[in-house]
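>
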């Protein structure tokens, strides 16, 4: 089982190895995809095998896996698979168009694999210090992806990203330090000093003042990675400037990893300090993020920035759901995490196809996708309705759960406010994306319908979109019994 | 739990180093010239490695000795010297590209942040009489001052150094109670730091090539 855990985290490194050995864009891409598939299979296997057992531990608590980490590993591995299959098509098209050199393509796969592996490893550790180390390392690996294209604007975005996130995560390290101080009354052996399961089971003996500070610092620090407002300022730039499959990884995997770290702190804080304090903190940051995200979505401009602000909004929704708490709130938060990850991966992958086909990232320059590129256009239309929470897609179900949790646990003001903001978000977002898919396509009718050369590349571009949308549809119609059990187990881990 | 008392010799030395580190963060905040700014950062790291050495001696911990030596070599000497070479020789930059607020404003803000650090961390943390109880407010103040340096400095390299000051503050907090974090964690933090500095330097030199100056004030293409 421990070997399986290591395999799950190390899977994506195949892409790194292949690129490091000098493979060309396509073989390296397929190697990365195969590695991601291995990770996903391991994650599913671990999830089913571990469901009714005690958490896995190894290496003195540095390796630790319970249902909650398993669920996030599954999400991240699934997103990595979608994004790496998408990379095969996108990167070779960029290289054929002469925008990326073969060296840059190799760098891309090296850092892509590292980035995914570090995130998966961060999810599999029970040591909060090591969690910090791995999350900071994944920031650095992904910063290289953001700055890959080496234009002035992408270097600016990468600089902003790396300096703001590193600072934020260092604040989270200070939070970890205060958590460590709050345990100074306990007589802990060396290997338990930062071990989450141990701190969680002894939460009642932690010093409350120091713990309160620790939670605040962790929310601000890891919240920088999550993209909670007002620490979100790096997020739209990085998402807009990174190559599209890397944007998908940032939005659908990295943000969730940050949220996972916050959930670990939340569980300890909740066990010691009760409902009121963490709820106030999470609702404040959550609603601020939703408001900021929605306001910036109204502006029409770069469509990748639009998707990025939608991520800010969704992370806000997840924070609000965690703040509502209770079975419904936590259940909704996890379901929303999974749904949002898949939907956003699909959207960012389509954004890559659009940018390649129309050679612009401005929404105003894109029309008539349904006629010109029916597959991508259809995926963009369905994906945007999915991410906005219209039935029958999964996000509808999870947002409904969250609103219900709000009515069950707090004053009706909060869920009503949430509903109002969701309505504004719907109008703002759909206005732009429907404008992109409808209308008359620019250019000659004889234009190439797809930027990808060869059947394999076309398939690699379309497959993740189809798979993602089908998954969203399934999750909207019916939550598989296995997934339901897993999420219930996760909620039990948290409370 | 193993910890140093405030009245032991090691405790007094740690306390003094903490105060010196705080003063050096103020010096960084208040220095206008780039080479002074770097020199103060280097001095702060040297004091930090001395503090780590004191803790290592008091706890008899080999791992902490390793960290003290690594701090001295990398943060105290390596980073300041190479940053100086990069800035002054390659980028031909003598002065800092100015503060975005007045010098006195930033110093007053720094004083306010220090007071705030004491307000927040004093009453609730550790039992009095432990050296950690005295050093934690200091390290919190250093973290805040490092953040302030990042905010008021315009140049990207100055922001990088601000981040390293924040890191120094966290490290100061970490060495006072029990020997330290587990060694693997500390080593990981160190590796992250080195990798972070390397990747940031790559971006800074890339930006310098594109924009003629790597002042953050010129980074205004991405808005909204």
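Protein chains in written order, with this note's numbering: chain C, 1 to 495; chain U, 1001 to 1224. Cβ coordinates follow ideal geometry from the N, Cα and C atoms, glycine included.
Of the residues C:128, C:288, C:296, which one's Cα is nearest the Cα of residue 218 (chain C)?
If you number the first chain from 1, residue 218 (chain C) lands on position 218. The shortest C-alpha separation from residue 218 (chain C) is found at C:128.
> Can you list, in chain order, the residues of its chain with a C-beta nearer than 7 Å to that of residue 339 (chain C)? Leave out the 5 residues immediately preceding and following it.
Reading the first chain from its first residue, position 339 is the one you call residue 339 (chain C). Answer for residue 339 (chain C): 394, 395, 398, 472, 475, listed in chain order.
> Any idea if residue 54 (chain C) is buried or exposed, counting beta-carbon neighbours within 10 angstroms, 16 or more meaning buried?
Numbered from its first residue, the first chain carries residue 54 (chain C) at position 54. Residue 54 (chain C) should be labelled exposed.
> From this set, C:211, C:315, C:454, C:200, which residue's C-alpha is nearest residue 175 (chain C)'s C-alpha?
On the first chain, position 175 is the one that residue 175 (chain C) refers to. The shortest C-alpha separation from residue 175 (chain C) is found at C:211.
> Tell me the DSSP secondary structure of residue 1204 (chain U) in three-state form.
Along the second chain, one-based indexing puts residue 1204 (chain U) at 204. Residue 1204 (chain U): helix per DSSP, three-state reduction.
> Which residue wins for smallest C-alpha separation from residue 1045 (chain U), given the options U:1066, U:1080, U:1061, U:1056?
If you number the second chain from 1, residue 1045 (chain U) lands on position 45. Of the listed residues, the one whose Cα sits closest to residue 1045 (chain U) is U:1080.
> Between the segment 104–124 of chain C and the segment 138–145 of chain C, can you find at least three pairs of beta-carbon atoms closer than 8 Å?
Touching, yes.
> Spell out whether any CB of chain U is found under 9 Å from the CB atom of residue 304 (chain C).
Working through the first chain from its first residue, we reach residue 304 (chain C) at position 304. Residue 304 (chain C) does not count as touching chain U.
> Comparing alpha-carbon positions, which option in U:1102, U:1120, U:1061, U:1163 lies nearest residue 209 (chain C)?
Position 209 of the first chain, counted from the first residue, corresponds to residue 209 (chain C). That would be U:1120, whose Cα lies nearest to the Cα of residue 209 (chain C).
> Which whole-angstrom value is the C-beta distance of residue 496 (chain C) and residue 269 (chain C), which I expect to be below 8 Å?
Past the edges of chain C, shown from 1 to 495, lies residue 496 (chain C), and the structure says nothing about it.
> With DSSP run on the structure shown, which of helix, strand or coil describes residue 1071 (chain U)?
Taking the second chain and counting its residues from 1, one reaches residue 1071 (chain U) at position 71. It is helical.
> Would residue 1 (chain C) be called buried (16 or more neighbouring beta carbons within 10 Å of its own) or exposed?
Position 1 of the first chain, counting from 1, holds the residue named residue 1 (chain C). By the neighbour-count rule (16 or more Cβ atoms within 10 Å), residue 1 (chain C) is not buried but exposed.
> Going by Cα to Cα distance, which pick from C:171, C:342, C:237, C:335 is closest to residue 486 (chain C)?
Position 486 of the first chain, counted from the start, is the residue given in the question as residue 486 (chain C). With distances taken between Cα atoms, residue 486 (chain C) lies closest to C:335.
> Is it the case that the Cβ atoms of residue 352 (chain C) and residue 86 (chain C) are separated by a distance below 9 Å?
The count along the first chain starts at 1 and reaches residue 352 (chain C) at position 352. The count along the first chain starts at 1 and reaches residue 86 (chain C) at position 86. Yes. Within cutoff.
> Closest by CA to residue 390 (chain C), which one among C:379, C:373, C:368, C:423?
In the first chain, counting from the first residue as 1, residue 390 (chain C) sits at position 390. It is C:423.
> In the DSSP assignment, find the unbroken alpha helix (DSSP H) run with residue 286 (chain C) in it and report its ends.
On the first chain, residue 286 (chain C) is found 286 positions in, with the first residue counted as 1. It spans 276–298 - the alpha helix (DSSP H) in which residue 286 (chain C) sits, taken as one unbroken run.
> Since I believe residue 297 (chain C) is in contact with residue 420 (chain C) (beta carbons under 8 Å), could you give me their beta-carbon distance rounded to a whole number of angstroms?
Taking the first chain and counting its residues from 1, the one referred to as residue 420 (chain C) is at position 420. Taking the first chain and counting its residues from 1, the one referred to as residue 297 (chain C) is at position 297. Their Cβ separation, rounded to whole angstroms, is 14 Å, which puts residue 420 (chain C) and residue 297 (chain C) out of contact at 8 Å.
> Using DSSP with H/G/I as helix, E/B as strand and the rest coil, what is residue 337 (chain C)?
Translated into the one-based positions of the first chain, residue 337 (chain C) becomes position 337. The answer is helix: DSSP assigns residue 337 (chain C) an H, G or I state.
> Using a C-beta to C-beta distance shorter than 8 Å, which residues of chain C count as neighbours of residue 1120 (chain U)?
Against the second chain, residue 1120 (chain U) aligns to sequence position 120. The answer, in chain order, is 213.
> So, under 8 Å CB-CB, residue 1017 (chain U) and residue 1059 (chain U) are touching, yes? Tell me the CB distance rounded to an integer number of Å.
The residue given as residue 1017 (chain U) occupies position 17 in the second chain. The residue given as residue 1059 (chain U) occupies position 59 in the second chain. Their Cβ separation, rounded to whole angstroms, is 15 Å, which puts residue 1017 (chain U) and residue 1059 (chain U) out of contact at 8 Å.
> Taking 8 Å as the cut-off, does the segment 230–239 of chain C touch the segment 281–294 of chain C (at least 3 CB pairs, one atom from each stretch)?
Touching, yes, given that three or more Cβ pairs across the two stretches are closer than 8 Å.
> What residues from chain C crowd round residue 1203 (chain U), counting only those whose CB sits closer than 8 Å?
Indexing the second chain from 1 puts residue 1203 (chain U) at position 203. Result: 143, 147, 155, 158, 159, 162.
> Please state whether DSSP places residue 1001 (chain U) in a helix, a strand or coil.
Residue 1001 (chain U) sits at position 1 when you count from the first residue of the second chain. Any reading at residue 1001 (chain U) must be qualified, since the residue scores a pLDDT of 40, below 50, and its modelled position is unreliable; no value is offered.
> Against residue 1159 (chain U), what residues of chain C qualify as contacts under a CB-to-CB distance less than 8 Å, listed in chain order?
Position 159 of the second chain, counted from the start, is the residue given in the question as residue 1159 (chain U). Going along chain C in sequence order, the residues near residue 1159 (chain U) (Cβ under 8 Å) are 163.
> Look at the alpha carbon of residue 1031 (chain U) and the alpha carbon of residue 200 (chain C), and state the distance between them as a whole number of angstroms.
Within the second chain, the letter at position 31 stands for residue 1031 (chain U). Within the first chain, the letter at position 200 stands for residue 200 (chain C). If you take the alpha carbons of residue 1031 (chain U) and residue 200 (chain C), they lie about 45 Å apart.
> Considering only the beta carbon of each residue, do residue 206 (chain C) and residue 183 (chain C) sit closer than 9 Å?
Numbered from its first residue, the first chain carries residue 206 (chain C) at position 206. Numbered from its first residue, the first chain carries residue 183 (chain C) at position 183. Yes. Within cutoff.
> Residue 471 (chain C) CB to nearest chain U CB: under 9 Å?
Within the first chain, numbered from 1, the residue matching residue 471 (chain C) stands at position 471. No, because no Cβ of chain U sits closer than 9 Å to the Cβ of residue 471 (chain C).
> Identify whether residue 1153 (chain U) lies in helix, strand or coil by the three-state DSSP scheme.
If you number the second chain from 1, residue 1153 (chain U) lands on position 153. Note: residue 1153 (chain U) maps to strand in three-state DSSP.
> If the cut is a Cβ gap below 7 Å, which residues of chain C does residue 1063 (chain U) touch?
Start at 1 with the first residue of the second chain, and residue 1063 (chain U) comes out as number 63. Those within 7 Å of residue 1063 (chain U) in chain C number zero; the least Cβ separation is about 11 Å.
> Rank C:465, C:38, C:295 by C-alpha distance to the C-alpha of residue 310 (chain C) and give the top, closest one.
The residue given as residue 310 (chain C) occupies position 310 in the first chain. Checking every option, the nearest Cα to that of residue 310 (chain C) belongs to C:295.
> If you follow the alpha helix (DSSP H) that residue 309 (chain C) is part of, which residue opens it and which one closes it?
The residue labelled residue 309 (chain C) in the question sits at position 309 within the first chain. First-last of the alpha helix (DSSP H) with residue 309 (chain C): 303–324.
> Give the residues from the segment 1131–1149 of chain U that approach chain C closer than 9 Å (Cβ to any Cβ), ordered along the chain.
Answer in chain order: 1132, 1136, 1139, 1140, 1143, 1146, 1147.
> At what residue ranges does the segment 347–427 of chain C contain a whole run of the alpha helix (DSSP H), taking only runs of 4 or more?
The qualifying runs are 369–372, 374–387, 394–409.
> Does the structure place the segment 1198–1213 of chain U close enough to the segment 1059–1072 of chain U that three or more beta carbon pairs sit under 8 Å?
No, they do not touch.
> For the ligand ATP, is there a heavy atom less than 8 Å away from the beta-carbon of residue 126 (chain C)?
This structure lacks the ligand ATP; in fact it carries no ligand of any kind.
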